[in-house]
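K.L.:
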Amino acid sequence: MYTAQTLTETTRFPRLPLGKYLQVAAIAVIGIALSIAAMYLLDDFIRTKRQMEFDKAVGSVVARLEQGTATYENVLRNLDALFRNSVQVVRDVFELYSTVPAESNPAIRCIGYASIVTPRELGEFTFYARSERYYDYHIQPPGERPLYMPVLYAVPYPQRASVIGFDLLSRPELAEAAMRAQQKRTIIASQVFTVQRDTVSMVLMIPTQHKNSSDVVLPTAHSRYDGVLFVEMDVRKFLQTSLGDSVASDRMISFRVLDEWSGRTPTVVATFGTSDGLNVENAFRSERRIAIADRTFRVEFTSAPILTQGIENYFGIFALGGGIITTLIFCGFVLSVLSAHERAVRLADRITEGNRRILEASRDIIGTITLDGGKWQTVNPAVQSVLGYDPESVIGRLITQYVATEPERIRLLSALGSKEHDSTTLELQMVAADGSIRWISWNISIARVEGIAYAVGRDVTLEHQARQELELRSRQVHLAEQLALEANASKSAFMQRLTRYLRSSLVTTLEGMHHMVLEMDPSNEGQTRFVKLANESSDRLFAIVNDLLDVAGEHAVNHTEAVELGCILHHAQKSYRTSGGSCIFVERSVEHGTHLAAEEHVVAEAFANLFVGLTAGARSGAIELTTIINAQEQVLEVQVLAPYSGHVAELIGVFNRSQHDLVEALAHDRDDILFRFGLAASQIRRVGGTFSVETLGQEGNVALITLPLA
Numbered sequence: 001m002y003t004a005q006t007l008t009e010t011t012r013f014p015r016l017p018l019g020k021y022l023q024v025a026a027i028a029v030i031g032i033a034l035s036i037a038a039m040y041l042l043d044d045f046i047r048t049k050r051q052m053e054f055d056k057a058v059g060s061v062v063a064r065l066e067q068g069t070a071t072y073e074n075v076l077r078n079l080d081a082l083f084r085n086s087v088q089v090v091r092d093v094f095e096l097y098s099t100v101p102a103e104s105n106p107a108i109r110c111i112g113y114a115s116i117v118t119p120r121e122l123g124e125f126t127f128y129a130r131s132e133r134y135y136d137y138h139i140q141p142p143g144e145r146p147l148y149m150p151v152l153y154a155v156p157y158p159q160r161a162s163v164i165g166f167d168l169l170s171r172p173e174l175a176e177a178a179m180r181a182q183q184k185r186t187i188i189a190s191q192v193f194t195v196q197r198d199t200v201s202m203v204l205m206i207p208t209q210h211k212n213s214s215d216v217v218l219p220t221a222h223s224r225y226d227g228v229l230f231v232e233m234d235v236r237k238f239l240q241t242s243l244g245d246s247v248a249s250d251r252m253i254s255f256r257v258l259d260e261w262s263g264r265t266p267t268v269v270a271t272f273g274t275s276d277g278l279n280v281e282n283a284f285r286s287e288r289r290i291a292i293a294d295r296t297f298r299v300e301f302t303s304a305p306i307l308t309q310g311i312e313n314y315f316g317i318f319a320l321g322g323g324i325i326t327t328l329i330f331c332g333f334v335l336s337v338l339s340a341h342e343r344a345v346r347l348a349d350r351i352t353e354g355n356r357r358i359l360e361a362s363r364d365i366i367g368t369i370t371l372d373g374g375k376w377q378t379v380n381p382a383v384q385s386v387l388g389y390d391p392e393s394v395i396g397r398l399i400t401q402y403v404a405t406e407p408e409r410i411r412l413l414s415a416l417g418s419k420e421h422d423s424t425t426l427e428l429q430m431v432a433a434d435g436s437i438r439w440i441s442w443n444i445s446i447a448r449v450e451g452i453a454y455a456v457g458r459d460v461t462l463e464h465q466a467r468q469e470l471e472l473r474s475r476q477v478h479l480a481e482q483l484a485l486e487a488n489a490s491k492s493a494f495m496q497r498l499t500r501y502l503r504s505s506l507v508t509t510l511e512g513m514h515h516m517v518l519e520m521d522p523s524n525e526g527q528t529r530f531v532k533l534a535n536e537s538s539d540r541l542f543a544i545v546n547d548l549l550d551v552a553g554e555h556a557v558n559h560t561e562a563v564e565l566g567c568i569l570h571h572a573q574k575s576y577r578t579s580g581g582s583c584i585f586v587e588r589s590v591e592h593g594t595h596l597a598a599e600e601h602v603v604a605e606a607f608a609n610l611f612v613g614l615t616a617g618a619r620s621g622a623i624e625l626t627t628i629i630n631a632q633e634q635v636l637e638v639q640v641l642a643p644y645s646g647h648v649a650e651l652i653g654v655f656n657r658s659q660h661d662l663v664e665a666l667a668h669d670r671d672d673i674l675f676r677f678g679l680a681a682s683q684i685r686r687v688g689g690t691f692s693v694e695t696l697g698q699e700g701n702v703a704l705i706t707l708p709l710a
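With the working numbering, letter number 34 in the sequence shown gets 34, and the count goes up by one each step, no holes.
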């Protein structure tokens, strides 16, 4: 097919048009611009990443400090709960509840309780304190003051025995904190103050509730005093224990805690980490507030040099250099591709001519369609010989315009939009130019990258008609067999009813003859011979009737048994779901425990066929079930209401008009609706019930069924 001249031409280096070289130059400019943008973006990304690491480290520190604050506040809350829930808290109880938190938290210097005492009550209070085994209890510092708040209990004891008796109101920082605690009636924190030369302390206080002496009777007057519970803690140790063991992120930051008190210059309480990053120009900085009781402390964070230094600072320059080099390589590659493309185009022109001849000679429809809607892009002349359309008139139109039914259009669009399968085969009804229906078997291969699908369609109308004829015969035979079973069941039921009636009549006749024999004259030979002959005839008739009843029972198709309605509906709904039904079931006054005289599998299959027939083609909606027990006629009346469907309503009319020739009417069936109705009606009548189906217009399609009760 290809000559030596063709191969020789493809090896030449073709000369490209000027526009191609301009395109390569534009690519180079864009590549350099993108490299510069990548440099700035990478620098910004690295700084953002470092900022996130810095914020994460700051958040970790803040979270640990807040958790540590909650721990010390909980100590006060637990003691406050003890005082509120107790009539009196004596020394032993206080030490029992305070010793463990005091010894387990190294930052706690002291846990104590101080009472508010007036000068008039000072002697009585001192007496009570000494009764608690503080035998040398006295107020510190001594002196007369309008109000005292001496420490009554202090833990750990005896390490903090020097605190017992100390008047908190004698120190301005503690007096101000006590006054604030009384006003706010909640946990408060004092200002930071120096206890010793190297110890910076802070006191947490909470007021205790005043107890009315008229409400309680105690051996002491201690209950009459208000007071405060307090926790004195070493601020630096508090911060260290709250932070706990150092984590990896702590190496990236340094921070200091400042105490901001009204009217005072902020003072640095503690500093953690190195101070090398304080004067670094590109260091990250952040400021947070830590709440301790009712006070807030300022925490200033600064990134450590380890976070802002390293080889990452040069990644932007590396990106710029790499981008420029990549751009130059890519431009050379584009020139090579354009040259190869030019050679390929010349070769493709020769190959395309051969493919065009193959497409024109093919009897199958071959073309390409878009994935977004199925619009024809190309199609061969076979579309005219198969469907009768001119190829030029087909190109640009949607393939769904030629599909006969809406469900098949949906199937085709679903296949084009599938993300799982690259190829699929569909048999669709296509509308020809003369209005006839042609069955086309489509083999569709999807090329998602190109956004198109390659479609090959073969006319299978004759094969499909033969297959439909075979399926129609199969359904007709199945329905005829079901009608034969119904007729056999009806005959057996009639024979059973007839023989039972005859046997009942014979029994009545024999009873009458028995009374007549008792009253007749034994000496009358004529009457005696008549009675003897009548008795022999009755015995023979009775035997014949019994034989008929036995034969009718042996040939009965149905072996009725008591079965619950709930079991029947359960199996029917399960079969409906298995067959692809998607409607939901709504039950109104359905008695699942109702017992029916019928075969379970026959009635369940009948309901399943009815559900499928009523909802053919429906993708949503509800099937409403309603039952009524007719005690007078000993039957269960069932109403099945399904959503309205036009073609189902049309076939309901065909079904009602074709009751006597339903097998032949299957030739006009669609979606097996007539077939399903015929099976359901025959199966219901087979168990002794009745069946009817009607359409209510837009209200829906309804089936009415009666079933014999057990």
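C-beta: ideal position from N, C-alpha, C; glycine also. The structure displayed is predicted, hence computed values, not measured ones.
What do you get for G316, buried or exposed, if any count of 16 or more other CB atoms within 10 angstroms of its CB means buried?
P.N.:
Buried.
K.L.:
Would you list, in sequence order, the uninterrupted alpha helix (DSSP H) runs of no fewer than 4 residues that lie entirely inside the region 619-683?
P.N.:
Taking only runs of at least 4 residues, the alpha helix (DSSP H) segments lying wholly in the region 619-683 are 646-657, 662-665.
K.L.:
Name the residue from F94, T71, T352 whose alpha carbon lies nearest to the alpha carbon of L82.
P.N.:
For the residues F94, T71, T352, the minimum Cα distance to L82 belongs to F94.
K.L.:
For I290, which option in P141, F301, L338 has the closest C-alpha, if you only look at C-alpha atoms?
P.N.:
Per the Cα distances, F301.
K.L.:
Please name the residue or residues paired with P150 in a DSSP beta bridge.
P.N.:
P150 pairs with D167.
K.L.:
Which complete alpha helix (DSSP H) runs does the region 301-388 hold, if anything under 4 residues is left out?
P.N.:
Taking only runs of at least 4 residues, the alpha helix (DSSP H) segments lying wholly in the region 301-388 are 305-308, 315-361, 382-386.
K.L.:
Where does the unbroken alpha helix (DSSP H) through P172 begin, and where does it stop?
P.N.:
Segment 172-184, the alpha helix (DSSP H) holding P172.
K.L.:
Roughly how many whole angstroms lie between the Cα atoms of K184 and Y314?
P.N.:
Those two C-alpha atoms are separated by around 56 Å.
K.L.:
Can you tell me the Cβ-Cβ gap for M711 and I311, rounded? I've got them flagged as a contact below 8 Å.
P.N.:
A question about residue 711 goes unanswered here, because the residues of the chain that appear run from 1 up to 710.
K.L.:
How far does the beta strand (DSSP E) with V231 in it reach, from first residue to last?
P.N.:
227-234 is the extent of the beta strand (DSSP E) around V231.
K.L.:
For Y40, which residues in the same chain have their Cβ closer than 8 Å to its Cβ, ignoring the five residues on either side in sequence?
P.N.:
Taken in chain order, the residues that qualify are G316.
K.L.:
Judging by CA-CA distance, which residue of L636, P106, F655, V334 is the nearest neighbour of T706?
P.N.:
The option with the nearest alpha carbon to T706 is L636.
K.L.:
Could you spell out the range, first to last residue, of the beta strand (DSSP E) harbouring L707?
P.N.:
701-708 is the span of the beta strand (DSSP E), which, as asked, contains L707.
K.L.:
Can you have a look at V386 and say buried or exposed, based on whether 16 or more other CB atoms are within 10 angstroms of its CB?
P.N.:
It is buried - the Cβ of V386 has at least 16 other Cβ atoms within 10 Å.
K.L.:
Assuming V163 contacts A177 (C-beta within less than 8 Å), just tell me the rounded distance between them.
P.N.:
Incorrect: roughly 15 Å between the Cβ atoms, too far for contact.
K.L.:
Look at the alpha carbon of E427 and the alpha carbon of S414, and state the distance between them as a whole number of angstroms.
P.N.:
Approximately 14 Å between the Cα atoms of the pair.
K.L.:
Please return the same chain residues whose Cβ sits closer than 6 Å to the Cβ of V722, not counting the five positions on each side in sequence.
P.N.:
The requested residue 722 does not occur in the structure, where the chain is confined to residues 1 to 710.
K.L.:
Check the DSSP bridge columns for I740 and list the partner residues they point to.
P.N.:
The structure shown does not extend to residue 740, since the chain is modelled only from 1 through 710, so no value can be given for it.
K.L.:
What's the call for P141, buried or exposed, on a 16-neighbour Cβ count within 10 Å?
P.N.:
It is exposed - the Cβ of P141 has fewer than 16 other Cβ atoms within 10 Å.
K.L.:
Which stretch, first to last residue, makes up the beta strand (DSSP E) that contains A453?
P.N.:
Its beta strand (DSSP E) spans residues 452-459.
K.L.:
Taking the C-alpha atoms as reference points, what is the distance between I111 and T308?
P.N.:
The straight-line gap from Cα to Cα measures roughly 44 Å.
K.L.:
Taking its Cβ as the centre, do 16 or more other Cβ atoms sit within 10 Å of V100, making it buried, or is it exposed?
P.N.:
Exposed: under 16 other Cβ atoms inside 10 Å.
K.L.:
Relative to the C-alpha of G688, which residue among E633, T424, F655, R577 is closest?
P.N.:
Checked all of E633, T424, F655, R577; the closest Cα to G688 is E633.
K.L.:
Given a threshold of 16 other Cβ atoms within 10 Å of its Cβ, counted over all protein chains shown, does A682 qualify as buried or as exposed?
P.N.:
Reading the sequence as shown, one finds Ser at residue 682 and not Ala. S682 should be labelled buried.
K.L.:
Is the distance from the Cβ of F611 to the Cβ of I623 below 8 Å?
P.N.:
Contact flag set, yes.
K.L.:
For H592, does the three-state DSSP call read helix, strand or coil?
P.N.:
Note: H592 maps to coil in three-state DSSP.
K.L.:
Is it the case that the Cβ atoms of G31 and G323 are separated by a distance below 8 Å?
P.N.:
Yes, these two residues count as a Cβ contact at 8 Å.
K.L.:
Put Q159 into one of helix, strand or coil per three-state DSSP.
P.N.:
Residue state, collapsed to three classes: coil.
K.L.:
In its own chain, which residues sit with a C-beta less than 7 Å from the C-beta of M202, not counting the 5 before and 5 after it?
P.N.:
Excluding residues within five positions, the ones whose Cβ falls inside 7 Å are A189, S190, V192, M233, V235.
K.L.:
Quick one: measure Cβ to Cβ for I652 and N701, integer angstroms, because I've assumed they're closer than 8 Å.
P.N.:
Indeed, because the Cβ distance is near 6 Å, the residues count as touching under 8 Å.
K.L.:
Is the beta carbon of R577 closer than 8 Å to that of T626?
P.N.:
No, Cβ-Cβ distance for T626 and R577 is not below 8 Å.
K.L.:
Along the chain, where does the alpha helix (DSSP H) that runs through A70 open and close?
P.N.:
Looking at the DSSP string, the run of the alpha helix (DSSP H) that includes A70 is 18-84.
K.L.:
Using a threshold of 8 Å, state whether the C-beta atoms of T241 and P106 are closer than that.
P.N.:
Yes, they are a contact pair.
K.L.:
Suppose you measure from the CA of L696 to the CA of Q639; what does that come to, to the nearest Å?
P.N.:
Near 13 Å, if we compare the C-alpha coordinates of Q639 and L696.
K.L.:
So what's N443 in DSSP terms, helix, strand or just coil?
P.N.:
Strand.
K.L.:
Quick test of your reading: P150 and D167, contact by CB under 8 Å. State the CB separation rounded to the nearest angstrom.
P.N.:
Yes, they are in contact, since the Cβ atoms of P150 and D167 sit about 5 Å apart, within 8 Å.
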